[in-house]
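Trainee: Chains as they are written, first to last, in the numbering used here: chain A, 1 to 326; chain B, 1 to 207. Note that CB positions come from ideal geometry on N, CA and C, so glycine has one too. Sharing a structure, written as structure tokens. Questions coming.
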Amino acid sequence: MSLNKELKHEFDAAPWRGKTKRYDIVKEGTIALAIVAILALSLSLLMGSPDETPLTFKGWAVSNSDNFYATTVQELAGTSGTATYGAPYNKASDGLNAGPLWPQKWMGVTHPIDSVNDFVISPLSTQVMSTEIASAVATWKTASAQQKQDWATAYDDAITKAEGKISAVPAGAYGPVPALAQGLTDMAKGGALDAALLSQGGFFQTDNTKQILFFGDGSYLDDAGTAANLQGGTWGMMNETGRYPGQAWLWLYSFWYQIPPFNNEESKPIGANADLYIMLIMGVMSAGLVFIPFIPGVKSLPMRIPIHRGIWRQYYEENGIKRRRK
Amino acid sequence: MSEMWTSKLRTKWQKNLPIEKLLPDDQPAYVASWIYVFGVLTLSALAMIIASGIVLAFQGPAWYHTSDTGKFMNSMHFWSVQLFFVFMVIHLWGKFWMAAWRGNRFRTWATGAVAFISSIATAFTGYLVQTNFDSQWISFEAKDGFNSMGVGAFFNVTNLGQMLLLHVAFLPLILGVLTIVHVLMVRKRGVVPPIDAVPTIASGGSR
Chain A
1 MSLNKELKHE FDAAPWRGKT KRYDIVKEGT IALAIVAILA LSLSLLMGSP
51 DETPLTFKGW AVSNSDNFYA TTVQELAGTS GTATYGAPYN KASDGLNAGP
101 LWPQKWMGVT HPIDSVNDFV ISPLSTQVMS TEIASAVATW KTASAQQKQD
151 WATAYDDAIT KAEGKISAVP AGAYGPVPAL AQGLTDMAKG GALDAALLSQ
201 GGFFQTDNTK QILFFGDGSY LDDAGTAANL QGGTWGMMNE TGRYPGQAWL
251 WLYSFWYQIP PFNNEESKPI GANADLYIML IMGVMSAGLV FIPFIPGVKS
301 LPMRIPIHRG IWRQYYEENG IKRRRK
Chain B
1 MSEMWTSKLR TKWQKNLPIE KLLPDDQPAY VASWIYVFGV LTLSALAMII
51 ASGIVLAFQG PAWYHTSDTG KFMNSMHFWS VQLFFVFMVI HLWGKFWMAA
101 WRGNRFRTWA TGAVAFISSI ATAFTGYLVQ TNFDSQWISF EAKDGFNSMG
151 VGAFFNVTNL GQMLLLHVAF LPLILGVLTI VHVLMVRKRG VVPPIDAVPT
201 IASGGSR
């Protein structure tokens, strides 16, 4: 540090010995609190706050029965988003990576989810089942793993060929899968699935992971998100339902999802692993915010761009201090 | 006596932060801009958030769906958060353009910056515990980012109970402590002098 810089540093650090003025910190705080209270009160009375009713499995099964049914078959076939997700739910995939970094895989399965049993068989088993459904559950439980896979995969493929229209699926060797899917669809239509997925046969439960993941496997939640303009590709992370401001402070995080290669899942390696890369970028940028005082170029911006001349205009004018060129 | 931890702490506190610094009745004359108001406005909004949050906590996260009073308190909480971020971002930008870390004030800047990041985490968990469609959507979408980092192993955004406890206990505690430390640092170090201020003028002035 040069002598000049050292003196300036000492001056900036030392208690101010120049001109002062009276300052009532308690009065200032009280007035500020009153202003904010009035602002919050006014906005609350005039605008209220967002509260869109949550989606339910009943709503999904009633409004789009075929999609719910097809999603149930995917859970049984192991082709749904949850079934193929990887950690922390299962070992179906290695998850995302950034070069040699595989943090998702490294942390392992901490919230195990078996989409077949947790989403379909267990909820059905909590109900008083019809003879047909009870027989289908029993058949499924006693079949070999290979047999179950063959039935569910054949039916899943057939539904895909029929473009999701269940009534157009031709007859085939699907075993108990159609009965299981119909049983769960009927259960959802009756409103019993929401609670069964949450409780999993227990009493106290505050973890909605299974409900949320099952929701996300179908199109119901996704369609609702699109309709509410909440998709990530349209700055959805910082939006709120209705005409309310959302988490605008997440604009920088949302920003990365709007530009290539992050907005293209086909682009490898970054686009295909965009979630991880963006989290890493934001981690580095957050650290950068904290350590701005040490970042060359950034730390000197306030001296180079004279916004401070406006902030301390009165001081500069009173003391006749001209701007020093850096 | 002087070897006692308590007396050492008291001596250090009195040396660094005497009551005259903690509750000053004067300040440097250069503190004459509207930008200075946004720090205290941020604190005021935080006080409103805590007050409305305590009321909501007594009634539970689903209260505001069925009660007009609950809806009003939820609105107060919601708008206080919005105001808090507006004020804090302006405060942050203001301090950046003042290069407010000068003169051994890095820790003041750093505690403020970390408090800003903590606020984002606290607000995020608040959006997750709304128990409405928005919280369903946000938790499903947000899980991928956290899971990709491996953070999902211990920070499960789809677990309402976990998010609620973090939102009302752990994260406000972190934010509260950071805020208190930040304010004490400001009081200890004082408001940063103007860029280009010169010692001769500073020391030559009078009250």
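May I ask you to list the residues that DSSP assigns as paired with L101/A?
Mentor: Here residue 101/A corresponds to residue number 101 of the first sequence, with the count starting at 1. According to DSSP, L101/A bridges with A98/A.
Trainee: Please determine, among K161/A, M285/A, A173/A, A162/A, the residue with the shortest C-alpha to C-alpha distance to Q149/A.
Mentor: Here residue 149/A refers to the residue found at position 149 when the first sequence is read from its first residue. Closest by alpha carbon: A173/A.
Trainee: Please report the Cβ distance between A327/A and G112/B, rounded to the nearest whole angstrom; I am assuming they are in contact, meaning their Cβ atoms lie under 8 Å.
Mentor: Lying outside 1 to 326, the shown extent of chain A, residue 327/A is not represented and no answer is given.
Trainee: K91/A by DSSP, collapsed to three states: which one?
Mentor: Taking the first sequence and counting its residues from 1, one reaches residue 91/A at position 91. In the structure shown, K91/A sits in coil (DSSP, three-state: anything other than H, G, I, E or B).
Trainee: Hey, out of K8/B, L41/B, S33/B, whose CA is closest to S80/B's CA?
Mentor: Residue mapping note: residue 80/B aligns to position 80 of the second sequence, counting from 1. The option with the nearest alpha carbon to S80/B is L41/B.
Trainee: Whole alpha helix (DSSP H) runs in the stretch 158-202 of chain A with 4 or more residues, listed along the chain?
Mentor: 177-189, 193-199
Trainee: Between M238/A and A248/A, is the Cβ-Cβ spacing less than 8 Å?
Mentor: Position 238 of the first sequence holds residue 238/A. Position 248 of the first sequence holds residue 248/A. Yes. Within cutoff.
Trainee: Given a threshold of 16 other Cβ atoms within 10 Å of its Cβ, counted over all protein chains shown, does P28/B qualify as buried or as exposed?
Mentor: Position 28 of the second sequence holds residue 28/B. Burial check for P28/B: the Cβ neighbour count within 10 Å reaches 16 or more, so the residue is buried.
Trainee: So, A115/B versus L175/B, is the Cβ gap smaller than 8 Å?
Mentor: Counted from its first residue, the second sequence places residue 115/B at position 115. Counted from its first residue, the second sequence places residue 175/B at position 175. Against a cut-off of 8 Å, the Cβ pair of L175/B and A115/B comes out as a contact.
Trainee: Near F85/B, what residues of its chain come up, given a Cβ to Cβ distance below 6 Å and the 5 sequence neighbours on each side ignored?
Mentor: For the purposes of this step, residue 85/B is taken as residue 85 along the second sequence, with counting starting at 1. Within the same chain, F85/B has no close Cβ partners at all.
Trainee: Give me the chain B residues within the contact set of T241/A, using Cβ-Cβ distance strictly less than 7 Å, ordered along the chain.
Mentor: Residue numbering aside, residue 241/A sits at position 241 when the first sequence is read from its first letter. Under the 7 Å cutoff, chain B gives F133, D134.
Trainee: Looking at chain A, which residues of the stretch 109-123 of chain B have a Cβ within less than 7 Å of any of its Cβ atoms?
Mentor: W109, A110, A113, V114, I117, I120, A123
Trainee: Would you say D114/A faces chain B, with C-beta separation under 8 Å as the test?
Mentor: Residue 114/A sits at position 114 when you count from the first residue of the first sequence. No - not a single Cβ of chain B is within 8 Å of the one on D114/A.
Trainee: With W109/B and A100/B assumed to form a contact (beta carbons below 8 Å), what rounded beta-carbon distance in angstroms separates them?
Mentor: Position 109 of the second sequence, counting from 1, holds the residue named residue 109/B. Position 100 of the second sequence, counting from 1, holds the residue named residue 100/B. Contact holds; Cβ gap of about 6 Å.
Trainee: With a CB to CB cut of under 8 Å and the five nearest residues on each side skipped, what residues in its chain are close to L289/A?
Mentor: Here residue 289/A corresponds to residue number 289 of the first sequence, with the count starting at 1. No residues qualify anywhere along the chain.
Trainee: Would you say W13/B reaches chain A, if we count a Cβ-Cβ gap shorter than 8 Å as a contact?
Mentor: Here residue 13/B corresponds to residue number 13 of the second sequence, with the count starting at 1. By this cut-off, W13/B is not an interface position.
Trainee: Can you find the residues in the same chain that come closer than 8 Å, C-beta to C-beta, to N229/A, ignoring five residues on each side of it along the sequence?
Mentor: Taking the first residue of the first sequence as 1, we reach residue 229/A at position 229. For N229/A, where only same-chain residues beyond five positions count, the Cβ hits under 8 Å are G236, N239.
Trainee: Per DSSP, what are the beta-bridge partners of P28/B in this structure?
Mentor: Translated into positions along the second sequence, residue 28/B becomes position 28. T20/A.
Trainee: Do you know whose CA, among M4/B, F38/B, L23/B, L83/B, lies nearest S42/A's CA?
Mentor: In the first sequence, counting from the first residue as 1, residue 42/A sits at position 42. The shortest C-alpha separation from S42/A is found at L83/B.
Trainee: Rank N74/B, A153/B, G94/B, L173/B by C-alpha distance to the C-alpha of Y127/B and give the top, closest one.
Mentor: Indexing the second sequence from 1 puts residue 127/B at position 127. The residue with the shortest Cα to Cα distance from Y127/B is N74/B.
Trainee: Quick one: list the residues of chain B neighbouring R22/A, beta-carbon separation under 8 Å, in chain order.
Mentor: Mapped onto the first sequence, residue 22/A falls at position 22. Correct list: D25, D26.
Trainee: Measure from the alpha carbon of Q211/A to the alpha carbon of each residue in D144/B, I90/B, K71/B, S139/B, then state which is nearest.
Mentor: If you number the first sequence from 1, residue 211/A lands on position 211. Nearest to Q211/A by C-alpha distance, out of D144/B, I90/B, K71/B, S139/B, is S139/B.
Trainee: Using 8 Å as the threshold, is the C-beta distance between D94/A and G81/A below it?
Mentor: Sequence index remark: in the first sequence, residue 94/A carries index 94 (1-based). Sequence index remark: in the first sequence, residue 81/A carries index 81 (1-based). In this structure, G81/A does not lie closer than 8 Å to D94/A by Cβ.
Trainee: Exposed or buried, E141/B, counting other C-beta atoms within 10 Å across all chains shown (16 or more means buried)?
Mentor: In the second sequence, the residue the question calls residue 141/B occupies position 141. Buried is the label assigned to E141/B, since at least 16 other Cβ atoms lie within 10 Å of its Cβ.
Trainee: Are the beta-carbon atoms belonging to N208/A and L165/B less than 8 Å from one another?
Mentor: Here residue 208/A is taken as the residue at index 208 of the first sequence, counted from 1. Here residue 165/B is taken as the residue at index 165 of the second sequence, counted from 1. Their beta carbons are not under 8 Å apart, which means N208/A does not touch L165/B by this criterion.
Trainee: Assuming G164/A contacts N264/A (C-beta within less than 8 Å), just tell me the rounded distance between them.
Mentor: As a position in the first sequence, residue 164/A is number 164, starting the count at 1. As a position in the first sequence, residue 264/A is number 264, starting the count at 1. At roughly 26 Å, the Cβ-Cβ gap does not stay under 8 Å, so G164/A and N264/A are not in contact.
Trainee: Do V36/A and M88/B have their CB atoms nearer than 8 Å?
Mentor: If you number the first sequence from 1, residue 36/A lands on position 36. If you number the second sequence from 1, residue 88/B lands on position 88. It is not a contact, given that the beta carbons lie outside the stated cut-off.
Trainee: Whole angstroms is fine: what's the gap from A70/A's alpha carbon to G150/B's?
Mentor: The residue given as residue 70/A occupies position 70 in the first sequence. The residue given as residue 150/B occupies position 150 in the second sequence. Their backbone Cα atoms lie some 31 Å apart in a straight line.
Trainee: Assign P293/A to one of three DSSP states: helix, strand, or coil.
Mentor: Counted from its first residue, the first sequence places residue 293/A at position 293. Secondary structure at P293/A: helix, using DSSP grouped into helix, strand and coil.
Trainee: Is the stretch 310-323 of chain A touching the stretch 31-40 of chain B in the sense that three or more CB pairs, one from each, lie closer than 8 Å?
Mentor: yes
Trainee: When you compare only the Cα positions, how much space is there between L193/A and T160/A?
Mentor: Stepping through the first sequence from its first residue, residue 193/A is reached at position 193. Stepping through the first sequence from its first residue, residue 160/A is reached at position 160. Approximately 25 Å, taken between the alpha carbons.
Trainee: Can you round the beta-carbon distance between P302/A and F96/B to whole angstroms, since I take them to be within the 8 Å contact cut?
Mentor: Here residue 302/A refers to the residue found at position 302 of the first sequence. Here residue 96/B refers to the residue found at position 96 of the second sequence. Yes, P302/A and F96/B are in contact; Cβ-Cβ is about 6 Å, under 8 Å.
Trainee: Would a C-beta distance cut-off of 8 Å place S115/A and G78/A closer than the cut-off?
Mentor: Here residue 115/A refers to the residue found at position 115 when the first sequence is read from its first residue. Here residue 78/A refers to the residue found at position 78 when the first sequence is read from its first residue. Going by C-beta atoms, S115/A is nearer than 8 Å to G78/A.
Trainee: State the beta-bridge partners of P245/A as determined by DSSP.
Mentor: Translated into positions along the first sequence, residue 245/A becomes position 245. The partner list for P245/A (beta bridge, DSSP) reads N239/A.
Trainee: What's the gap between the Cα of G216/A and the Cα of F58/B?
Mentor: By one-based count along the first sequence, residue 216/A stands at place 216. By one-based count along the second sequence, residue 58/B stands at place 58. Cα to Cα, the separation comes out at about 32 Å.
Trainee: Output needed in chain order: residues of the stretch 163-190 of chain B with a Cβ under 8 Å from some Cβ in chain A.
Mentor: L164, R189, G190
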